[in-house]
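Encoded as structure tokens, the structure appears first; notes follow it.
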Amino acid sequence: MELKPKRTEAERLSYGIHRKGLRDRKMRLSLNVARRFFGLQDMLGFDKASNTVEWLLNQAKAEINRLAKEKKK
1 MELKPKRTEA ERLSYGIHRK GLRDRKMRLS LNVARRFFGL QDMLGFDKAS NTVEWLLNQA
61 KAEINRLAKE KKK
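All letters in the sequence shown, in the order written, are residues 1 to 73 by UniProt numbering.
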């Protein structure tokens, strides 16, 4: 029986090619954040975490733009 070498942290979090194209890095969430995030995902009825992240970014768009303008000053 052959043992597979352990993968390093960088290898586990690196990009991978999948049949739908390049896959983004994974995020690690604290337990409290994960509970809130996946609770929100369930409330919204999304099946993919990326949809939830996109929804959150859209909701925060005005604040993100304000911060970006502030940063340019």
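The beta-carbon is built from N, C-alpha and C at its ideal position, and this holds for glycine as well.
State yes or no: is the C-beta of residue i within less than 8 Å of the C-beta of residue j?
i          : j          : result
residue 37 : residue 31 : no
residue 34 : residue 41 : no
residue 67 : residue 55 : no
Start and end of the alpha helix (DSSP H) containing residue i?
i          : result
residue 46 : Element bounds for residue 46: n/a, residue is neither H nor E.
residue 29 : Neither: residue 29 is in no alpha helix (DSSP H) and is coded neither H nor E.
residue 62 : 61-72
Candidates the options: which alpha carbon is nearest residue i's?
i          : options           : result
residue 27 : 47, 53, 65 and 46 : 53
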